[in-house]
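Note that the protein sequences, when read in sequence, are chains A and B. Quick note: the first sequence uses the working numbering, first residue 1, plus one each step. Quick note: the second sequence uses the working numbering, first residue 1001, plus one each step.
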Amino acid sequence: MKKRATREGIVWYAISILILVVMLFPIYWMFMVSLKLPEEIFKSPPVWFPSKPQFGNFAVLFTEGDVWSLWNSLVIAGVSTLIAMAVGTLCAYAMVRFKTGGDNLAIWILSQRMLPPIAVVFPIFLAYAVFGLSDSYPGLILLYTAFALPYVVWMMRGYLEDVPVELEEAALVDGYSHLSVLWRVTVPMARNGIIATAIFAFVFSWNEFLFALVLTRTEVITFTVQISQYFGSQSTFWAKIAAMSVLGTLPVFIAVTLLQRYVVRGISLGAVKG
Amino acid sequence: MSAAAATQTKAGRPFWAGRRGAGLLFVGPAVFVMLLVGLFPFLWSVVVSFQDITGSNPNGDWVGLANYKKLVADTRVWAALGRTLLLLAVALPLELILGMLLALHFQAERPFKRLFVALLVLPAVVSPMVAGSMWRLMFDHKFGPFNQIIGWIAGEPIVLLWTVKPHLAYWAILIAEVWQWTPFMFIILLAALANVEREQLEAAEIDGAGRFRVFFRIVLPAIMPVLSIAVLLRALDLFRIFDAVWQLTRGGPGTKTETLSIFMFIRGFQSFETSYTAALVVVLLILLSATVVFALKRMEIAR
């Protein structure tokens, strides 16, 4: 019996490791390319491990100023996440505690999230051209806020429902207004959920490509748009693509790893309580 | 609840002190932002879709339903729609089945399982545009490792032009897509499996039901609500697929991998057929909104 159990275990680990190797290989490859010398990148057959790993590809991004695109991504994703969290939490609170809007409002908000971005961004593009909002921080921040809102509302609905209502009622009896109950009682209780929601909302905005591609020209290019520009009709700058991809992906990996226990809820739009 | 609202809205107190007033006030900003970015530009495109605005003709004349008629007759739209649906029809079942197999495998409680699961989720949180770039690196016919690995398996060097040949480009997109989103299915299904009641499973085992019977009779029905939400989310995501396709093939060769989103992007933002794209936007938004609302109501996702 014991023997069979260990053999099963070995098989399980072998399969698991094989799965991981296959699934993580593209990520490994990108990291390796970012560390290669330019001539190694274009070798055939390909080099699986750089002979002298170096950070020159990253240095180029700094000296040529391409890292500004990461800063733009940070500002746009960061500010829009903050606004969406504030506005979305208020909205979710009213939906949970006061049943404002009922099921119809909830469904309408969720349906906003499910529409194709290209169909949403085209009308925005027309409107922004008139109001001069294209290629500006406010324009993108407004769009990303609206884009993040359905997600924040749905996630926060779940987390706020878990806050015991008795504490809020006690505070109301003490003469607190609804807003200060939310701020002083509910928000501290739901802190973990708020942080998790904010980070996932940030990651979605950080990863976004289509909106940024359509609405930026030169001023506020995000890092995903920057990567797309390395594909030329004549030549493709693989070293830069790999290095920029690593810089844009590492923060996300770190955030998601730190938030492991929220991952299921986070990526499933709160559909599953993880 | 209305009684509570009535007692709280005493004379002389501002309306937001009551539950109803506060509710409207709290919901207001979010609804305002979404309407500002959603409804207002949408109405604008409805107007534009009845004109003939293009890049070279910014002040269009009224043309009635001409753009919509052109749309129905445009074989390129239908081809793009067909391609999108084909991709959806192949990728979605693949992601579902592979995700389910992974979830069943990683259901086992073993040391380091959490680490494995955490690592396996990483593809799903990579930016789809970065994922497209990574696969472009992988698929490069000369210095990418994909052809080399196939060559090892085949026993002879193989050169396949993954992003150039029409059929291979389709497979390239499919592989990238399945790679990125199978972990999404996996993580959701894994959580759903963990919530299946132990007693029921044990009872079935005592009754001597086989593994397949237990899975199809007990496990599957139990996770059905979660599974259908996951399928809905993925289906809608696949329907609007853009980033990875753009980075892998830009819709090419020719229009062979042009999905609906790519088609709209090219028409709207590269050849500046403004009114024509607007017409497509209007049709798509109306059809999809109806579908989404219907599906959500059917699933009673809003509780």
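We put the CB at the ideal spot given by N, CA and C, even for glycine.
Checklist entry - Helix, strand or coil: which one does DSSP assign to residue 226 (chain A)? => result Position 226 of the first sequence, counting from 1, holds the residue named residue 226 (chain A). Helix.
Checklist entry - First and last residue of the alpha helix (DSSP H) that includes residue 1247 (chain B)? => result Looking up residue 1247 (chain B) in the second sequence gives position 247. Run containing residue 1247 (chain B): 1243-1248, per the alpha helix (DSSP H) assignment.
Checklist entry - Shortest alpha-carbon distance to residue 1179 (chain B) belongs to which of B:1289, B:1094, B:1043, B:1221? => result In the second sequence, residue 1179 (chain B) corresponds to position 179, counting from 1. Closest option to residue 1179 (chain B), Cα to Cα, is B:1094.
Checklist entry - So what's residue 154 (chain A) in DSSP terms, helix, strand or just coil? => result As a position in the first sequence, residue 154 (chain A) is number 154, starting the count at 1. Reduced to three states, the DSSP call for residue 154 (chain A) is helix.
Checklist entry - residue 1061 (chain B): which of B:1070, B:1049, B:1072 sits nearest, CA to CA? => result Position 61 of the second sequence, counted from the first residue, corresponds to residue 1061 (chain B). The shortest Cα separation from residue 1061 (chain B) among B:1070, B:1049, B:1072 belongs to B:1049.
Item to check | Under 7 Å by beta carbon: chain A residues contacting residue 1133 (chain B) | outcome: One-based indexing of the second sequence puts residue 1133 (chain B) at position 133. Those are 227, 241, 245, listed as they occur along chain A.
Checklist entry - Which residue's Cα is closest to the Cα of residue 202 (chain A): B:1127, B:1077, B:1204, B:1064? => result Taking the first residue of the first sequence as 1, we reach residue 202 (chain A) at position 202. Residue B:1127 is the option with its Cα nearest to residue 202 (chain A).
Item to check | Min CB distance residue 1034 (chain B) to chain A below 9 Å | outcome: Reading the second sequence from its first residue, position 34 is the one you call residue 1034 (chain B). With 9 Å as the cut-off, residue 1034 (chain B) counts as an interface residue toward chain A.
Checklist entry - residue 1253 (chain B) touches chain A at which residues, Cβ-Cβ below 9 Å? => result Along the second sequence, read from residue 1 onward, the residue named residue 1253 (chain B) stands at position 253. What residue 1253 (chain B) touches in chain A: nothing, since even the nearest Cβ is about 14 Å away.
Checklist entry - Is residue 249 (chain A) near residue 85 (chain A), with beta carbons less than 9 Å apart? => result Counting from one through the first sequence, the residue named residue 249 (chain A) turns up at place 249. Counting from one through the first sequence, the residue named residue 85 (chain A) turns up at place 85. No.
Next on the checklist: Let me check understanding here. Comparing Cα to Cα, which of A:24, A:5, A:20 lies closest to residue 1135 (chain B)?
Outcome noted: The count along the second sequence starts at 1 and reaches residue 1135 (chain B) at position 135. Residue A:24 is the option with its Cα nearest to residue 1135 (chain B).
Item to check | Short CB-CB distance (under 9 Å) between residue 93 (chain A) and chain B | outcome: Walking along the first sequence from the start, residue 93 (chain A) turns up at place 93. So yes, residue 93 (chain A) belongs to the interface.
Checklist entry - What residue from B:1201, B:1051, B:1070 has the CA that sits closest to residue 1064 (chain B)'s CA? => result Along the second sequence, read from residue 1 onward, the residue named residue 1064 (chain B) stands at position 64. The shortest Cα separation from residue 1064 (chain B) among B:1201, B:1051, B:1070 belongs to B:1051.
Checklist entry - Would you say residue 234 (chain A) faces chain B, with C-beta separation under 9 Å as the test? => result Position 234 of the first sequence, counting from 1, holds the residue named residue 234 (chain A). Closer than 9 Å: no.
Next on the checklist: Using a Cβ-Cβ distance cut-off of 9 Å, determine whether residue 1242 (chain B) contacts chain A.
Outcome noted: On the second sequence, position 242 is the one that residue 1242 (chain B) refers to. Yes - at least one Cβ of chain A is within 9 Å of the one on residue 1242 (chain B).
Checklist entry - Any beta-carbon of chain A closer than 9 Å to the one on residue 1221 (chain B)? => result What you label residue 1221 (chain B) is simply residue 221 of the second sequence in a count that begins at 1. Closer than 9 Å: no.
Checklist entry - Just the Cα atoms here: how many angstroms apart are residue 1132 (chain B) and residue 236 (chain A)? => result As a working mapping, residue 1132 (chain B) is identified with position 132 in the second sequence. As a working mapping, residue 236 (chain A) is identified with position 236 in the first sequence. The alpha-carbon atoms of residue 1132 (chain B) and residue 236 (chain A) are separated by roughly 14 Å.
Next on the checklist: 9 Å is my cut-off, CB to CB: does residue 1303 (chain B) come that close to chain A?
Outcome noted: Working through the second sequence from its first residue, we reach residue 1303 (chain B) at position 303. Interpretation of residue 1303 (chain B) is limited by its pLDDT of 46, a score under 50 that renders its predicted location unreliable; the figure taken from the coordinates is listed afterwards. Output row for residue 1303 (chain B): interface = yes.
Next on the checklist: Taking DSSP's pairing of strands, which residues face residue 1062 (chain B) in a bridge?
Outcome noted: For this step, residue 1062 (chain B) is matched to residue 62 along the second sequence. Its beta-bridge partners are B:1051.
Next on the checklist: Taking the alpha-carbon of residue 20 (chain A) as reference, which of B:1246, B:1198, B:1106 has the nearest alpha-carbon?
Outcome noted: For this step, residue 20 (chain A) is matched to residue 20 along the first sequence. Taking only the C-alpha atoms, the option nearest residue 20 (chain A) is B:1106.
Checklist entry - Exposed or buried, residue 71 (chain A), counting other C-beta atoms within 10 Å across all chains shown (16 or more means buried)? => result For this step, residue 71 (chain A) is matched to residue 71 along the first sequence. Under this definition residue 71 (chain A) is an exposed residue.
Checklist entry - DSSP beta-bridge partners for residue 200 (chain A)? => result Numbered from its first residue, the first sequence carries residue 200 (chain A) at position 200. Looking at the DSSP assignment, residue 200 (chain A) forms no beta bridge with any residue, so it has no partner.
Checklist entry - Taking Cβ-Cβ distances below 9 Å as the criterion, which residues of the segment 1054-1082 of chain B are in contact with chain A? => result none
Checklist entry - By DSSP, does residue 211 (chain A) sit in helix, in strand, or in coil? => result Mapped onto the first sequence, residue 211 (chain A) falls at position 211. Of the three classes helix, strand and coil, the one that applies to residue 211 (chain A) here is helix, per DSSP.
Checklist entry - Name the chain B residues that come within less than 8 Å of residue 259 (chain A), Cβ to Cβ? => result Counting from 1 along the first sequence, the entry for residue 259 (chain A) is found at position 259. By Cβ distance, chain B contributes nothing, its closest Cβ being about 10 Å from residue 259 (chain A), past 8 Å.
Checklist entry - So is residue 207 (chain A) in contact with chain B if we call contact Cβ pairs under 9 Å? => result As a first step, residue 207 (chain A) must be located in the first sequence, where it is residue number 207. By this cut-off, residue 207 (chain A) is an interface position.
Checklist entry - Residues of chain E with CB under 7 Å from residue 21 (chain A), in chain order? => result The chain inventory of the structure shown lacks chain E, comprising the protein chains A and B.
Item to check | Identity of the residues DSSP links to residue 236 (chain A) by a beta bridge | outcome: Along the first sequence, one-based indexing puts residue 236 (chain A) at 236. Residue 236 (chain A) is bridged to A:231.
Next on the checklist: Would residue 1121 (chain B) and residue 173 (chain A) be called neighbours here (beta carbons separated by less than 9 Å)?
Outcome noted: If you number the second sequence from 1, residue 1121 (chain B) lands on position 121. If you number the first sequence from 1, residue 173 (chain A) lands on position 173. Going by C-beta atoms, residue 1121 (chain B) is not nearer than 9 Å to residue 173 (chain A).
Next on the checklist: What residue range does the alpha helix (DSSP H) around residue 178 (chain A) cover?
Outcome noted: Counted from its first residue, the first sequence places residue 178 (chain A) at position 178. Looking at the DSSP string, the run of the alpha helix (DSSP H) that includes residue 178 (chain A) is 178-181.
Checklist entry - If you scan the segment 77-163 of chain A from start to end, which runs of the alpha helix (DSSP H) of 4 or more residues do you find wholly inside it? => result 102-114, 117-131, 137-161
Item to check | Whole-angstrom C-beta distance between residue 1235 (chain B) and residue 1177 (chain B), which should lie under 8 Å | outcome: Against the second sequence, residue 1177 (chain B) aligns to sequence position 177. Against the second sequence, residue 1235 (chain B) aligns to sequence position 235. Not confirmed; about 13 Å, so no contact.
Checklist entry - Which of helix, strand or coil does DSSP assign to residue 1165 (chain B)? => result Position 165 of the second sequence, counting from 1, holds the residue named residue 1165 (chain B). In this structure, residue 1165 (chain B) counts as coil in the three-state DSSP scheme.
Item to check | Interface residues of chain A facing residue 1296 (chain B) [CB-CB closer than 7 Å] | outcome: Within the second sequence, residue 1296 (chain B) is the residue found at index 296, counting from 1. Those are 107, 110, 111, listed as they occur along chain A.
Checklist entry - Cβ atoms of residue 154 (chain A) and residue 270 (chain A): under 9 Å apart, would you say? => result Residue numbering aside, residue 270 (chain A) sits at position 270 when the first sequence is read from its first letter. Residue numbering aside, residue 154 (chain A) sits at position 154 when the first sequence is read from its first letter. Yes. Within cutoff.
Checklist entry - Can you tell me the Cα-Cα spacing of residue 1199 (chain B) and residue 116 (chain A), whole angstroms? => result As a first step, residue 1199 (chain B) must be located in the second sequence, where it is residue number 199. As a first step, residue 116 (chain A) must be located in the first sequence, where it is residue number 116. Straight-line Cα distance between these residues: approximately 42 Å.
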